[in-house]
Every structure is written in C-alpha cells, then in structure tokens.
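Visitor: Using full-length UniProt numbering, the letters of the sequence shown map in sequence onto residues 1 to 161.
Glycine is no exception: its CB is placed at the ideal position from the N, C-alpha and C atoms.
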Amino acid sequence: MSRFSSFSKFATPRKPQAVSEVLGRTDAFAALRAGVEQISALERDLAQLLPDYLATNVEPGFIKDGTLTLFAAHSALAARLRQVERRLLDQLQQRGWPVRALTIKVRPRPMAEPPAPKQARMTPAGAAALQALSRTLAPSPLQAALAKMAARHGKPSDEKK
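#1: In chain order, what residues of the same chain have a beta carbon less than 6 Å from the beta carbon of Ser75, not counting five sequence neighbours either side?
#2: Would the region 101-117 and the region 133-146 be scored as touching if the rule is three or more Cβ pairs under 8 Å?
#3: Where does Glu59 fall in DSSP's three states?
#4: Counting along the chain, where does the alpha helix (DSSP H) carrying Leu102 start and finish?
#5: Put Thr67 into one of helix, strand or coil per three-state DSSP.
#6: Return the CA-CA distance between Asp158 and Ala73, expressed in angstroms with no decimal places.
#7: Suppose you measure from the CA of Leu130 to the CA of Ala147; what does that come to, to the nearest Å?
#8: Roughly how many whole angstroms lie between the Cα atoms of Pro117 and Thr56?
#9: If you drop the 5 nearest sequence neighbours on each side, which residues of the same chain put their C-beta closer than 8 Å to that of Pro108?
#10: At which residues does the alpha helix (DSSP H) containing Pro124 begin and terminate?
#11: Pick helix, strand or coil for Ala30, following the three-state DSSP scheme.
#12: Kindly identify the DSSP beta-bridge partner or partners of Ala72.
#13: With 16 as the cutoff for other CB atoms within 10 Å, does Ala150 come out buried or exposed?
#14: Pair every Cβ in the region 83-99 with every Cβ in the region 35-51, then say whether three or more of these pairs are closer than 8 Å.
#15: By how many angstroms is the C-alpha of Gly66 removed from the C-alpha of Gln17?
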C-alpha cells in the first residue's frame, strides 16, 4: 500500500490543459500571452518583408512608445538592416503595426559547438602498407609524416610478433 493512498481519495486527477487556456486565467498571464502573440506575429511579418538571410538572423523585440527594437545576429546584418530601415518601417505601418521608428541593436547568438574533429580510421593492413612505404623512402618530411601516420594507426602486424 502506498504511503500516499490516504490522500488519493481527496485528490482528483488533473487533465492536461492547453497553454493558451492557462495563460488566459489571470491578468498577468494574459499580458504575457498578448506579448508573445505580438512577437510571433511580428516574426511572421518580418519573414515576409525581409530577404531570407536577414529574416533568419533578425529577432523582433517589443514595441514601446511607437519604437520597435530589432535584434540582429551580428553587426554586418545590423548595417544591412539599417539600409532597408525606411522601407521596412513603411511596410510595417501599411500592415497596421503602430510603429513610428525602428531601433536596431546587435545581439550576438551563442557560438555553436564546433564539429568534432574527424578521426580517420585505418585498417591494420593500411597502416602496414604506410609503414612499408615509409621504409622505402629516403629521409624526408614525407617519409617522417608517413611513419608517424602509420604509428598512430597501429603497429604493422610484422612488428607485433
């Protein structure tokens, strides 16, 4: 018997609820929901109005006192955004956005993890062939590189004996 069994007769099982339903319950959540919906609509409009390379690297902020803040991923994109600022502002106003000015700021995105370095895999036969080739060459940078590569990928079978 569970140690919580005495409580189970008082608790009713809860049903999953939609986030939109939960956010609409209180005034604070309703304001949050409205802000999220506004940013989502702005993102959709910016995706339609800007070229792809800009739309994927620009994030809208909130509209405050008629000024919309746009965040660019780096300074070169911010400069390009400033070049199309007047046209973008006009198009946003035509779509009904209460915007009188744009502020463009740079908000760098976190660097993505660099891909893991490639790890070459070589069979013992391949390593043995490299070792044999390096023995036939005169001392040179190529000969040293081949010997080092063969050693790194495993000893040839004749040296294991």
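Guide: By the coordinates alone:
#1: Val106
#2: no
#3: strand
#4: It is not in any alpha helix (DSSP H) - Leu102 instead sits in the beta strand (DSSP E) that spans 101-106.
#5: strand
#6: Because Asp158 carries a pLDDT of 46, less than 50, the predicted location of this residue cannot be relied on, and the following value inherits that uncertainty. Between Asp158 and Ala73, the C-alpha separation is close to 57 Å.
#7: Cα to Cα, Leu130 sits roughly 7 Å from Ala147.
#8: Looking at the two C-alpha atoms, the distance is approximately 28 Å.
#9: Ala73, His74
#10: 124-136
#11: Helix.
#12: Looking at the DSSP assignment, Ala72 forms a beta bridge with Val58, Val106.
#13: buried
#14: yes
#15: 35 Å
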